[in-house]
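Data block below; observations after.
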Amino acid sequence: MAMQNGRVSVMLCGLGRAGTIHFNSIRKNHRCNLKYIVDVRLEHVQKVVSTFNMDAVQAIAPESYEKALSDVEVQAVVITTPTHTHMDYVKKALAAGKAVFCEKPLAPSIEETAALYDEAERRGRPLYCAFQRRFDPSFTKVRSEVLEGKVGTVYTISSVSRDCPFPPLEYFKTSGGIYHDCGVHDIDFICWTLGEEPIGVFAKGIARRKEIGAMGDLDIAMIVLTFPSGALGQIELNRHAVYGYDQRVEVQGSDGMVTCENPHSDNVHLYREEGYSGSPFQFSFPIRYEVAYGNEMDHFIDVVLDPSKKLHVGKRDTLLASRVADACERSQKLGRMVSLEPLAPEHAMVNSVDN
24 MAMQNGRVSV MLCGLGRAGT IHFNSIRKNH RCNLKYIVDV RLEHVQKVVS TFNMDAVQAI
84 APESYEKALS DVEVQAVVIT TPTHTHMDYV KKALAAGKAV FCEKPLAPSI EETAALYDEA
144 ERRGRPLYCA FQRRFDPSFT KVRSEVLEGK VGTVYTISSV SRDCPFPPLE YFKTSGGIYH
204 DCGVHDIDFI CWTLGEEPIG VFAKGIARRK EIGAMGDLDI AMIVLTFPSG ALGQIELNRH
264 AVYGYDQRVE VQGSDGMVTC ENPHSDNVHL YREEGYSGSP FQFSFPIRYE VAYGNEMDHF
324 IDVVLDPSKK LHVGKRDTLL ASRVADACER SQKLGRMVSL EPLAPEHAMV NSVDN
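Note that our numbering has the sequence shown beginning at 24, numbered continuously upward.
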């Protein structure tokens, strides 16, 4: 499989909401050579690549995906297609011997997700599930402060995730539900920071908009996690933040507290007799996490170019986040806390390393 001058030829599958984010990360990465974009909207793809003078990029329909996978120059596949198609795209890419970067979830079930990781292990190819918050400088610093004991014994860890703008209604039809679509990121960050698996999960949500409820989804939810150490985790998921993308974290312990607050669209503050004013929060998650998305793609390319390097997100991480999200759905349905047993030993992080 070809690598020219330390560059990786990439195929991007899907140019929707997430695909556009990763398209920008790929085009800005000097080690990436984007060769194909797979999407049903070929004219849209051609318009986008022309905007950036990337006319060498080939726009292909999903029906041509397998044929494009036979291109020996393509070394990595980035998958951002609709959720229900992820597993098929991942399977085919691994079978073709490609490194895979995929938006969550990798597959509909934990068992199918584990099988994909096992297949990647057999083929010796990296399989990365996208959890971009691990690559955000502020979030990683919060975790570092906790690991270094700056807050002492952790008592509580709280995360707020309020979305802006409200997603299109069409998005909810394939999003996978609020716990799997939104909650997995908060779940992953909390478990990663504490270094623990929760032993209890309670979740309660509502649909403030009737259209969301009619789809069987929620637009506001609260999650409480209990951990073996005695620490408590709390997560708020909320689709309604008219004032900008609101994403905050707080860890409180015996010796202090560490927080991660929202960045603003600029750093200008106006002070007058009648009071104080400042700029709003950054508008949406692609803006808030632009650096994180770039760092995430850079890490993936590091691993593709140097197989001795290990991914920072592996099998156990992905399975744990999905398993807890499943427990949230069960708790929501049952109206009570759900107990969790530790993940089985065979789900060890064979292809990841702690960062």
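All C-beta atoms in this analysis are idealised placements derived from N, C-alpha and C, irrespective of residue type, glycine included.
TODO: Report yes or no: do the stretch 230-246 and the stretch 196-208 share at least 3 C-beta pairs separated by less than 8 Å?
DONE: yes
Open item on the list: Considering only their Cβ atoms, is the gap separating A122 from V265 smaller than 8 Å?
Closed with: Stepping through the sequence shown from its first residue, residue 265 is reached at position 242. Stepping through the sequence shown from its first residue, residue 122 is reached at position 99. Result no, Cβ atoms of V265 and A122 do not sit closer than 8 Å.
TODO: Mind checking which residues open and close the alpha helix (DSSP H) that includes H335?
DONE: What you label residue 335 is simply residue 312 of the sequence shown in a count that begins at 1. Segment: none, H335 is in no alpha helix (DSSP H) and carries neither H nor E.
- [ ] Would you kindly check if the distance between the Cβ of I133 and the Cβ of D209 is under 8 Å?
- [x] For this step, residue 209 is matched to residue 186 along the sequence shown. For this step, residue 133 is matched to residue 110 along the sequence shown. Cβ atoms of D209 and I133: not closer than 8 Å.
- [ ] Using only alpha-carbon positions, find the residue among N261, P191, I222 that is nearest to A230.
- [x] The residue labelled residue 230 in the question sits at position 207 within the sequence shown. Nearest option by C-alpha distance: N261.
Open item on the list: Can you tell me whether S32 is buried or exposed? The criterion is at least 16 other CB atoms within 10 Å of its CB, across all chains shown.
Closed with: The count along the sequence shown starts at 1 and reaches residue 32 at position 9. With 16 or more other Cβ atoms within 10 Å, it is buried.
Task: Residue ranges of each alpha helix (DSSP H) within the stretch 290-320, 4 or longer - done: 308-311
Open item on the list: Is it the case that the stretch 65-72 contacts the stretch 175-187, given that we only count it when at least three CB pairs across the two stretches are under 8 Å?
Closed with: no
Task: Reduced DSSP category for F212 - H, G, I as helix; E, B as strand; rest coil - done: Here residue 212 corresponds to residue number 189 of the sequence shown, with the count starting at 1. Note: F212 maps to helix in three-state DSSP.
TODO: Less than 8 Å between the CB atoms is what I'm expecting for V101 and F124, so what's the real figure, rounded?
DONE: Position 78 of the sequence shown, counting from 1, holds the residue named residue 101. Position 101 of the sequence shown, counting from 1, holds the residue named residue 124. So it is a contact: roughly 5 Å between Cβ atoms.
Open item on the list: Tell me the residue span of the beta strand (DSSP E) that contains S184.
Closed with: One-based indexing of the sequence shown puts residue 184 at position 161. Its beta strand (DSSP E) spans residues 177-185.
- [ ] Count the other CB atoms, across all protein chains shown, that sit within 10 Å of the CB of Y194; report buried if there are 16 or more and exposed otherwise.
- [x] Indexing the sequence shown from 1 puts residue 194 at position 171. So Y194 counts as exposed.
TODO: Tell me where the beta strand (DSSP E) around S32 begins and ends.
DONE: Position 9 of the sequence shown, counting from 1, holds the residue named residue 32. Taken as a continuous stretch (DSSP letters only), the beta strand (DSSP E) holding S32 covers 31-36.
Task: Beta-bridge pairing of S198 - partner residues as DSSP gives them - done: Against the sequence shown, residue 198 aligns to sequence position 175. Partner(s): none; S198 has no beta bridge.
- [ ] Have a look at G81 and S161 and give me their C-alpha separation to the nearest angstrom.
- [x] The residue labelled residue 81 in the question sits at position 58 within the sequence shown. The residue labelled residue 161 in the question sits at position 138 within the sequence shown. The sequence given here has Gln at residue 81, not Gly. Each residue's alpha carbon lies about 37 Å from the other.
Task: Sequence-distant residues of its chain with Cβ nearer than 8 Å to D111 (five each side left out) - done: Counting from 1 along the sequence shown, the entry for residue 111 is found at position 88. Nothing listed; no residue qualifies.
- [ ] Have a look at K196, A367, K356, A119 and flag the residue whose alpha-carbon is nearest the alpha-carbon of E142.
- [x] Here the question's residue 142 lines up with position 119 in the sequence shown. The residue with the shortest Cα to Cα distance from E142 is A119.
- [ ] For S300, count neighbouring C-beta atoms within 10 Å of its own C-beta (all shown protein chains included) and say buried if the count is 16 or more, exposed if not.
- [x] Numbered from 1 along the sequence shown, position 277 holds the residue referred to as residue 300. Exposed.
- [ ] Taking only the alpha-carbon atoms, compute the straight-line gap between M372 and L293 and give it to the nearest angstrom.
- [x] Residue mapping note: residue 372 aligns to position 349 of the sequence shown, counting from 1. Residue mapping note: residue 293 aligns to position 270 of the sequence shown, counting from 1. Since pLDDT at M372 reaches only 42, below the 50 mark, its modelled position is unreliable, and no value is offered.
Open item on the list: Using 8 Å as the threshold, is the C-beta distance between L117 and A130 below it?
Closed with: For this step, residue 117 is matched to residue 94 along the sequence shown. For this step, residue 130 is matched to residue 107 along the sequence shown. Not closer than 8 Å, so no.
Open item on the list: To the nearest angstrom, how far is the alpha carbon of C55 from that of V272?
Closed with: Along the sequence shown, read from residue 1 onward, the residue named residue 55 stands at position 32. Along the sequence shown, read from residue 1 onward, the residue named residue 272 stands at position 249. Taking the straight line joining both Cα atoms gives about 33 Å.
Task: K127 (DSSP reduced to helix, strand or coil) - done: Here residue 127 refers to the residue found at position 104 of the sequence shown. The answer is coil: DSSP assigns K127 none of H, G, I, E or B.
TODO: Compare the Cα-Cα distances from C205 to each of V314, V347, V274 and report the closest residue.
DONE: What you label residue 205 is simply residue 182 of the sequence shown in a count that begins at 1. Nearest option by C-alpha distance: V347.
Open item on the list: Is it buried or exposed, A41, if we count other Cβ atoms within 10 angstroms and call 16 or more buried?
Closed with: Locating residue 41 in the sequence shown gives position 18, counting from the first residue. Buried is the call here.
TODO: Just mark L2 as buried or exposed, buried being the case when its beta carbon has 16 or more other beta carbons within 10 Å.
DONE: With the chain covering only 24 through 378, there is no way to say anything about residue 2.
Open item on the list: Just to confirm my understanding: we take A367, look at its own chain, exclude 5 residues before and 5 after, and list those with CB closer than 8 Å. What are they?
Closed with: Position 344 of the sequence shown, counted from the first residue, corresponds to residue 367. Excluding residues within five positions, none has a Cβ falling inside 8 Å.
Open item on the list: What residue range does the beta strand (DSSP E) around A99 cover?
Closed with: The residue labelled residue 99 in the question sits at position 76 within the sequence shown. From DSSP, the beta strand (DSSP E) with A99 extends over 97-102.
TODO: Return the CA-CA distance between G37 and T104, expressed in angstroms with no decimal places.
DONE: Against the sequence shown, residue 37 aligns to sequence position 14. Against the sequence shown, residue 104 aligns to sequence position 81. Rounded to whole angstroms, G37 to T104 spans 5 Å at the Cα level.
Task: Own chain, CB closer than 6 Å to S182, minus 5 neighbours either side, in chain order - done: The sequence position of residue 182 within the sequence shown is 159, counting from 1. If we look at S182 and ignore the five residues flanking it on each side, its Cβ neighbours are D209, I258, V272.
Open item on the list: Report the CB separation of Y316 from Q155 in whole angstroms; it is logged as a contact under 8 Å.
Closed with: Residue numbering aside, residue 316 sits at position 293 when the sequence shown is read from its first letter. Residue numbering aside, residue 155 sits at position 132 when the sequence shown is read from its first letter. Confirmed, Cβ separation roughly 5 Å.
TODO: Locate the beta strand (DSSP E) running through Y151, then write down its first and last residues.
DONE: For the purposes of this step, residue 151 is taken as the residue at position 128 of the sequence shown. It spans 150-152 - the beta strand (DSSP E) in which Y151 sits, taken as one unbroken run.
TODO: Just mark G279 as buried or exposed, buried being the case when its beta carbon has 16 or more other beta carbons within 10 Å.
DONE: Start at 1 with the first residue of the sequence shown, and residue 279 comes out as number 256. Exposed, since its Cβ has fewer than 16 Cβ neighbours within 10 Å.
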